[in-house]
Structure formats: C-alpha cells, structure tokens
Amino acid sequence: MFKTYKMLKKIVNINVVHYSILIYPNIDYHTQMNSTIFKKWFIEMMQNLEEPCVIVMDNCSYHYVQVQNYPKSNDNKATFQIWLKENGVEFNSFETLIIRLPPYHCQYNPIELIWAQVKGEIANKNNSFKITDVEDLANIAIENVTVDNWKRCVDHCERLQNEDYIKEGFRDQILEPIILTINPEDSSESEDDDDESLQL
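Residue numbers (this note's numbering): 1 to 200.
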C-alpha cells in the first residue's frame, strides 16, 4: 500500500467533475468516453490547474493507452522533458504528481464518494424523470459540492487506506509461510503406501 491522500488535501477545492461537464456536457462517460476524448479533456484540464497539484487516477481503460514508448518512472526529469519536446507536448516545469490507484480499490478514490453525493441529490429531487430535468439537477448537485465535502471524502479515503495498510502488516505477521516441497521420490512412496492400505 502507499499513502497518497495527505497531498490531496491541498487540492480539494478543484472541482474536476464540474470542469469535465463544462467541456463535455453531452458525453456519457460510461458509453461514449474514449482515450481520444479523455486526452483532449485532460490536456485542457491541466492548463487550468494551479500548482502544486496531485492527480489521482483509477484504472479505467481510457485513462491509459500506450501508443509509443515513453520514459519510465526511474528516468530523470531531463529525459521526460526531452521526450515531451520531441512529441510536441508543451509543459511547465512545475511539480505535478500523478498517482495511480491500485486495481480494484475504488474505495481509496474520494471522487467515488462525491459521485455518490451527487447521484443521491439527483435521486432525491428527481420528480419528472425527464433527461433534461436530470441534467439540470446534475449541474445543481455538482455546484453544491463544497470544499468541506471534498475534505471529508479525502479524510475518509485516507482513513481506509491507513487501516488497510495496518491490516496488511498484521496479515504478514499472523500468516505463516506455506512451504511445499515437491520431490518425485516422496510422491511415489506415498502412492505405494496408499495402494497397500487399499489392499488390506
């Protein structure tokens, strides 16, 4: 496990959900989002972030598309800058940390709790079940997400992560290693013993 959310407290006021709706108001991210659309949105979003910032990404397929070889995490900053220049990517030299969540651990992502809040507010106020009304309710619900909501969600995710980190340590202490020795001679003797016991 790794600790990530302490740095997130510095950026809880960035409402990425709201920004995504401003750029792509008619896109259903479950069915219409792809890596090309996500890349365009991500580049535009990066230009509007204040530094320093931390971006937490889950393992959605359109978040990670490798189209060519790229610098690895153990490469130095200069290697990254050269690669970015060669590929026509403009960049500032400010510090940005991108953290990938482990697979199947969405409970560490505070955006999941924010989405739950937004969807709950929409469900509570939706009386007509018309798509235009739902869209209006969604925009209102997103506008209602506050810095305090983000802080609570980040704190909750950090607490879960710390608890799991402690549990993982206990698991390593409690569980004894299982050692299997595979020896062809031993298995033939045991088979002979089994055959003898069957004959009795």
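Ideal Cβ positions, reconstructed from N, Cα and C, are used throughout, including at glycine.
Leaving aside the five residues that flank Leu137 on each side, the residues in its chain whose CB is nearer than 8 Å to its CB run, in chain order, Glu121, Ile122, Lys125, Asn126. Between the stretch 167-175 and the stretch 111-121, the count of Cβ pairs shorter than 8 Å is below three; the stretches do not touch. The criterion of a C-beta distance shorter than 7 Å is satisfied by Asn109 and Asp58. Assignment of alpha helix (DSSP H) within the stretch 81-144, counting only whole runs of 4 or more residues, yields 110-125, 131-143 in chain order. Here the alpha carbon of Ile131 sits roughly 44 Å from the alpha carbon of Lys72. Contact between the stretch 37-55 and the stretch 80-88 is not established, with fewer than three Cβ pairs separated by less than 8 Å. Within the same chain, and ignoring the five residues on either side of Leu113 in sequence, the residues whose Cβ sits closer than 7 Å to its Cβ are Cys153, His156. Contact check for Ile99 and Val54: beta-carbon distance about 6 Å, within the 8 Å limit, so the pair qualifies. Val145 and Leu49 have their alpha carbons spaced roughly 18 Å apart.
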